[in-house]
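Remarks on the structure that follows.
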Amino acid sequence: MRMNALACLEQLMDRLDKMTILEDLLPFLLDISFSDPDIYMAVINIYKRMLTDKKFGLTYNVIATKVLPHLIPYTVNPNLRRDDFRCVMETLNAMWSRWKLAELLR
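Quick note: the sequence shown uses numbering that gives the first Met the number 0, first residue 0, plus one each step.
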């Protein structure tokens, strides 16, 4: 059921405004515990989608203070498949790069 809800949210993202994403979707994602690697990957896919467009409001500050601290501990989950781990690392690297670039531009 969680997987279906996450898939539905990913499909609805284009119809949500920035404030709804920041005030409702992001806190929801941050409250999810990643007991299942498939749930972790569904959340990673949503974050990956949020990185593609500034309208989703995933700023460097949000990435640095909320998203990365929530996602990084689960990278050591032994149940992650190799391809999933690679996808996670690519997404985290994209987040890190955005945050690092913003820091350099300040």
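Beta carbons are placed, not taken as given, at the ideal position from N, Cα and C, and that holds for glycine.
None of the values given here were measured: they were computed from a predicted structure.
Original post:
To which residues of the same chain is LYS17 closer than 8 Å at the C-beta, ignoring the five residues directly before and after it?
Top reply: In the sequence shown, counting from the first residue as 1, residue 17 sits at position 18. LYS54, PHE55 and GLY56, listed in sequence order.
Original post:
How many Å lie between LYS47 and THR90 at the Cα?
Top reply: As a first step, residue 47 is located in the sequence shown; it is residue number 48 there, counting from the start. As a first step, residue 90 is located in the sequence shown; it is residue number 91 there, counting from the start. Cα to Cα, LYS47 sits roughly 6 Å from THR90.
Subject >> Euclidean distance between Cα positions of VAL75 and LEU29 >> reply: For the purposes of this step, residue 75 is taken as residue 76 along the sequence shown, with counting starting at 1. For the purposes of this step, residue 29 is taken as residue 30 along the sequence shown, with counting starting at 1. Approximately 18 Å between the Cα atoms of the pair.
Original post:
Roughly how many angstroms lie between the CA atoms of ASP83 and TYR39, to the nearest whole one?
Top reply: Taking the sequence shown and counting its residues from 1, the one referred to as residue 83 is at position 84. Taking the sequence shown and counting its residues from 1, the one referred to as residue 39 is at position 40. Distance between the alpha carbons of ASP83 and TYR39 is about 9 Å.
Original post:
Which residues in the same chain have their Cβ closer than 6 Å to the Cβ of HIS69, if we skip the five residues on either side of it in sequence?
Top reply: Taking the sequence shown and counting its residues from 1, one reaches residue 69 at position 70. Contacts found: LEU29.
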